[in-house]
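Contents: one structure, followed by commentary.
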Amino acid sequence: MSDNLTRSKPPLSEHLETEATVVALRGELDLQAALVLTAGLDALTAGPCPDVVLDLRDVSFVDCAGLNALCRTRARALARHGRVRLVTDDPSLLRLLRLTGLTGVFELYPRLADALAGSNAAPGD
1 MSDNLTRSKP
11 PLSEHLETEA
21 TVVALRGELD
31 LQAALVLTAG
41 LDALTAGPCP
51 DVVLDLRDVS
61 FVDCAGLNAL
71 CRTRARALAR
81 HGRVRLVTDD
91 PSLLRLLRLT
101 GLTGVFELYP
111 RLADALAGSN
121 AAPGD
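Each residue of the sequence shown is one higher than the one before, counting from 1 in the UniProt record's numbering.
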């Protein structure tokens, strides 16, 4: 069972890139991982005007708890006059976001450089 827990927690790496904080996620973003992720993202969005880029290119699975963590992070950032950008070009994740009505909610970018530049090159549109 501990192997499943280890696999389900997405390893996080975080670094500051110009004005934005980039958080790279890997693995599965499921219920157990979302609990850990939410605590870290809550800390990142606690201050004024948080600018967070979530790099999801190495995420292999997202369930409803994972989507909730992403939505919570966006809501917290917006409440503090900040923003959250998602980086993904994964067709499965883009389809999930489209089916749940979230493609128009999140700023989506296919590459990290695009997200950092804030360009309009969004996938899935």
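We treat Cβ as the ideally placed atom computed from N, Cα and C, and that holds for glycine.
Remember, it's a predicted structure, so these values are computed and weren't measured experimentally.
Does DSSP put residue i in a helix, in a strand, or in coil?
i	result
V105	coil
R80	coil
T21	strand
R111	coil
D51	strand
G40	helix
S66	A small fix is needed here, since residue 66 is Gly in this sequence, not Ser. Looking at G66 - three-state DSSP - the assignment turns out to be helix.
Between which residues of its own chain and residue i is the CB-CB distance below 6 Å, once the five residues before and five after are set aside?
i	result
V59	L25, L29
Which residue or residues does DSSP assign as beta-bridge partners of residue i?
i	result
G27	V59
V87	D55, Y109
Can you name, in chain order, every residue of its own chain whose Cβ lies under 8 Å from the Cβ of residue i, other than the five neighbours on each side?
i	result
A69	L29, A34, L37, T38, L41
Please return the same chain residues whose Cβ sits closer than 7 Å to the Cβ of residue i, not counting the five positions on each side in sequence.
i	result
T45	V52, T73, R76, A77, R80, G82
A65	D30, L31, A34
Quick check: is any heavy atom of the ligand COA less than 7 Å from the C-beta of residue i?
i	result
L99	Of ligands this structure carries none, so the ligand COA is not represented either.
Quick check: the region 77-88 against the region 39-51, are there 3 or more CB pairs under 8 Å?
Yes, the region 77-88 touches the region 39-51.
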